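Respectively, the protein sequence lines represent chains X and D. Position 278 of the first sequence, counting from 1, maps to 277 under numbering that gives the first Met the number 0, and the rest follow consecutively. Position 108 of the second sequence, counting from 1, maps to 107 under numbering that gives the first Met the number 0, and the rest follow consecutively.
Protein chains: 2
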Amino acid sequence: MTSPATDITHLFSSIRQIAARVEETMRADLERVLVDNDPLLVEVLHYALLNGGKRIRPMLVVVSSRLCGRDDDDLYLLAAAFEYLHVATLVHDDVIDHADQRRGVDAVRKKYGMAAAILAGDWLHARSMHLISSLAGQQGLNIFCHATTSMVDGEFLQLRHVADITVTEEQYFAVILRKTARLISSTCEIGALFGGGTTQQVAGLATYGRKVGIAFQIIDDLLDYLGDKQATGKKVGNDFVEGKLTLPLIHALNRAGEEDKKTLLKCIKGHQDQPDACSTAKRLMNELDSFDFSRQRAGLEAKEGLSALTLFNRTRHGESLAVLEGLAGYVLTRDK
Amino acid sequence: MTSPATDITHLFSSIRQIAARVEETMRADLERVLVDNDPLLVEVLHYALLNGGKRIRPMLVVVSSRLCGRDDDDLYLLAAAFEYLHVATLVHDDVIDHADQRRGVDAVRKKYGMAAAILAGDWLHARSMHLISSLAGQQGLNIFCHATTSMVDGEFLQLRHVADITVTEEQYFAVILRKTARLISSTCEIGALFGGGTTQQVAGLATYGRKVGIAFQIIDDLLDYLGDKQATGKKVGNDFVEGKLTLPLIHALNRAGEEDKKTLLKCIKGHQDQPDACSTAKRLMNELDSFDFSRQRAGLEAKEGLSALTLFNRTRHGESLAVLEGLAGYVLTRDK
Numbered sequence: 000m001t002s003p004a005t006d007i008t009h010l011f012s013s014i015r016q017i018a019a020r021v022e023e024t025m026r027a028d029l030e031r032v033l034v035d036n037d038p039l040l041v042e043v044l045h046y047a048l049l050n051g052g053k054r055i056r057p058m059l060v061v062v063s064s065r066l067c068g069r070d071d072d073d074l075y076l077l078a079a080a081f082e083y084l085h086v087a088t089l090v091h092d093d094v095i096d097h098a099d100q101r102r103g104v105d106a107v108r109k110k111y112g113m114a115a116a117i118l119a120g121d122w123l124h125a126r127s128m129h130l131i132s133s134l135a136g137q138q139g140l141n142i143f144c145h146a147t148t149s150m151v152d153g154e155f156l157q158l159r160h161v162a163d164i165t166v167t168e169e170q171y172f173a174v175i176l177r178k179t180a181r182l183i184s185s186t187c188e189i190g191a192l193f194g195g196g197t198t199q200q201v202a203g204l205a206t207y208g209r210k211v212g213i214a215f216q217i218i219d220d221l222l223d224y225l226g227d228k229q230a231t232g233k234k235v236g237n238d239f240v241e242g243k244l245t246l247p248l249i250h251a252l253n254r255a256g257e258e259d260k261k262t263l264l265k266c267i268k269g270h271q272d273q274p275d276a277c278s279t280a281k282r283l284m285n286e287l288d289s290f291d292f293s294r295q296r297a298g299l300e301a302k303e304g305l306s307a308l309t310l311f312n313r314t315r316h317g318e319s320l321a322v323l324e325g326l327a328g329y330v331l332t333r334d335k
Numbered sequence: 000m001t002s003p004a005t006d007i008t009h010l011f012s013s014i015r016q017i018a019a020r021v022e023e024t025m026r027a028d029l030e031r032v033l034v035d036n037d038p039l040l041v042e043v044l045h046y047a048l049l050n051g052g053k054r055i056r057p058m059l060v061v062v063s064s065r066l067c068g069r070d071d072d073d074l075y076l077l078a079a080a081f082e083y084l085h086v087a088t089l090v091h092d093d094v095i096d097h098a099d100q101r102r103g104v105d106a107v108r109k110k111y112g113m114a115a116a117i118l119a120g121d122w123l124h125a126r127s128m129h130l131i132s133s134l135a136g137q138q139g140l141n142i143f144c145h146a147t148t149s150m151v152d153g154e155f156l157q158l159r160h161v162a163d164i165t166v167t168e169e170q171y172f173a174v175i176l177r178k179t180a181r182l183i184s185s186t187c188e189i190g191a192l193f194g195g196g197t198t199q200q201v202a203g204l205a206t207y208g209r210k211v212g213i214a215f216q217i218i219d220d221l222l223d224y225l226g227d228k229q230a231t232g233k234k235v236g237n238d239f240v241e242g243k244l245t246l247p248l249i250h251a252l253n254r255a256g257e258e259d260k261k262t263l264l265k266c267i268k269g270h271q272d273q274p275d276a277c278s279t280a281k282r283l284m285n286e287l288d289s290f291d292f293s294r295q296r297a298g299l300e301a302k303e304g305l306s307a308l309t310l311f312n313r314t315r316h317g318e319s320l321a322v323l324e325g326l327a328g329y330v331l332t333r334d335k
């Protein structure tokens, strides 16, 4: 039996191997499909895709399929398709947010301009769907399109609730389900389908993805307040300034006494005039245990996600299960 | 036998009927698929789609399928998918070009903002591929994705040649094939495949689409110089100011004597300082018959497109052939 330290080393090496193989597959796919294409398009796509991303979505595809019994070359192409879509949304998001930086380097829009960013995002979107349809068939594409159109719906829903102080926890969860969790769920679900999983296996992995996706977004929103600017590369309190009410603030508004609530509302409405509005709100959220509450809720979601995996045999699938458990743990403890 | 006047009336009424049925199908599809979606997303999609577009692409799908023997409800949904993609590209193009107007009303980006425009375009892109894959299968989606990724490639190629005075006719045709003609070709080809056409029928309709697509873009580029601002809604000489060398200018540069060529080059390089640069260039292109040359070339392409249709039986398919002939004629004679 190996020691825990060896296990972790083994886990990391297994994760790195998957990421490396997905990157190799992306390079080969671009080379094959971009023959005769404009050199600038080729450059932009390489720049956008091969920049040290964490490759979490491809990892989920690969492990989900392995758990259902399939691991071949095509699997890594399917995994690459999910990274294509993910990068397409990041590139478009950076245009929408006028972001200059992404993963510590210039965002595509900053380096190549808005036109190149929108067009390259569209290219990746099209290529992604093409690959998913080829490899996972009509059923796979249906699930995928439902998830991507949902994502747009979630963004609109979020825009609708900007500066809306009556937003409920339920509405918050409706947004993050659409914006984040459905796509992560579809990643696992399509991986399982591709792997030839049974109905229960496919459903179990979809549930894992949905729950871990929700946990991921809760922590992402938490890091917006508590993250280290150096680590996340984002300004602290960005959501607050943009009027996005996320879980800690919703919790604080519900829990606050009359006086604190008044102060919070003043902070939310007056954030542009008061430079300390965000730090005041942060102090109150801290006092009202809203950050702990959010973290606990994320932990609960991740735990529920993991229990959806009990149907897989631990002896046979120890390594794959360890990756999914490790990922759930990473989602909860990450600092960027 | 009917008189030509009756024929034309009949043709218009047949075209209007197709457009109306496609619009009805789009409304029903949005209603079905947007249940529980954010009301603003619903509003933006309706605004973008139902604004009096000419519905040329849906028309091509419907007629191509009819020529191959199929005309049912699903055909109009397939046709709608092509309009979704077309509108997605227009909405994204308007973001790229900072355009305020589209078809005489506010562009989506102007009315709802850039975020809504990019996201709604992505939604339409995803929905379009979903429908095409469901209705025209893997083969249809392959053709479609090749055409959409080509479109992006064409835009990049065009960016590369901005202010490039050495650009050749061949390079110009390579750009418009990718940017415009492949998608129109795929529209006819997928319509024919859906209709159960033979290999020859599918190839014939694809050729028609490619040739008419090339003619369309040549005339589009011509209208950039000669169009009535009121009719096209665009500034005259836009391409010239942006440094896009289209067919008339390439022709003029090739044909001009030493003196005229010098003047043209001065106009192209100095267009920002000289307010009359575009009109001087226009005068020279006119004198060098470059506009006539372009129009003739477009006419030739359209004619070749029509000869690809001789394999269809005129007695049986008179009405469908009349629509395709009418469309080729419209492409050549339109003033907006």
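Note that CB positions come from ideal geometry on N, CA and C, so glycine has one too. This structure is a prediction, so every number in the text was calculated from the model and none was measured.
Here X:S12 is exposed. Its C-beta has fewer than 16 other C-beta atoms within 10 Å. The beta carbon of X:A205 lies closer than 7 Å to those of S184, C187 and E188 in the same chain, with the five residues before and after it left out. Taking 7 Å as the Cβ-Cβ cut-off, the segment 242-270 of chain X has no residue approaching chain D.
If the five residues before and after D:G196 are omitted, its C-beta is found closer than 6 Å to the C-beta atoms of C67, all from its own chain and listed in chain order. Three or more pairs of CB atoms, one per stretch, sit closer than 8 Å, so the segment 7-27 of chain D contacts the segment 46-66 of chain D. Under DSSP, X:R101 takes part in a beta bridge, and its partners are X:V104. For the C-beta of D:R159, the chain X residues within less than 7 Å are, from N- to C-terminus, D37 and L39.
Going by beta carbons, D:I267 and D:G236 fall outside the 9 Å limit. Annotation for D:I95: the continuous alpha helix (DSSP H) segment containing it runs D72 to I95. DSSP, reduced to helix, strand and coil, places X:F172 within a helical segment of the structure shown. Counting C-beta pairs with one atom in each stretch, the segment 278-287 of chain D and the segment 248-259 of chain D have three or more that are closer than 8 Å, which means they touch. If only uninterrupted alpha helix (DSSP H) runs of at least 4 residues are considered, those enclosed by the segment 7-54 of chain D are 38-48. Selection D:L221, D:R101, D:F172 and D:S133 evaluated against D:R209 yields D:F172 as nearest (Cα-Cα). Counting C-beta atoms within 10 angstroms of its own C-beta, D:E168 has fewer than 16 neighbours from the protein chains shown and is therefore classed as exposed. Close to X:Q137, with beta-carbon spacing below 7 Å, are these residues of chain D in chain order: S132 and S133. Note that the segment 98-108 of chain D does not touch the segment 219-229 of chain D; fewer than 3 beta-carbon pairs, one per stretch, sit closer than 8 Å.
Spanning the alpha carbons of X:R282 and X:A115 requires a straight line of approximately 42 Å. For D:F290, the enclosing alpha helix (DSSP H) begins and ends at S289 to S306. D:G212 places its beta carbon less than 9 Å from that of D:T179. Below 8 Å, too few C-beta pairs join the segment 159-168 of chain D and the segment 142-149 of chain X to call them touching: fewer than three. For a cut-off of 8 Å, the C-beta gap from D:A106 to D:D121 is around 17 Å, too long to register as a contact. Counting along the chain, D:V166 sits inside no alpha helix (DSSP H), nor does DSSP assign it H or E at all. In the DSSP assignment, X:E286 falls within the alpha helix (DSSP H) that extends over A276 to E286. Across the structure, D:I7 and X:Y83 are spaced so that their CA atoms are roughly 48 Å apart. Put simply, the backbone Cα of D:Q138 is about 13 Å away from that of X:M128.
In this structure, the beta-carbon distance from D:V21 to D:A78 falls below 9 Å. From the listed residues X:S149, X:I175, X:L176 and X:L39, the smallest Cα separation to D:V151 is found for X:L39. Following the DSSP letters along the chain, one finds D:N141 inside the alpha helix (DSSP H) bounded by residues M113 to R159. Taking CB atoms only, D:F81 has no neighbour in chain X less than 9 Å away. At a cut-off of 9 Å, the C-beta of X:D99 has no neighbouring C-beta in chain D.
In this structure, the straight-line span from the alpha carbon of D:E318 to that of D:I218 is close to 25 Å. Distance from the Cα of D:Q216 is smallest, within the candidate group D:L192, D:V34 and D:G153, for D:G153. Looking from the CA of D:S149, the closest CA among X:D37, X:G325, X:L74 and X:R333 belongs to X:D37.
CA-CA distance, D:D238 to D:K109, rounds to 22 Å. Residue environment for D:L49: exposed (fewer than 16 other C-beta atoms within 10 angstroms of its C-beta).
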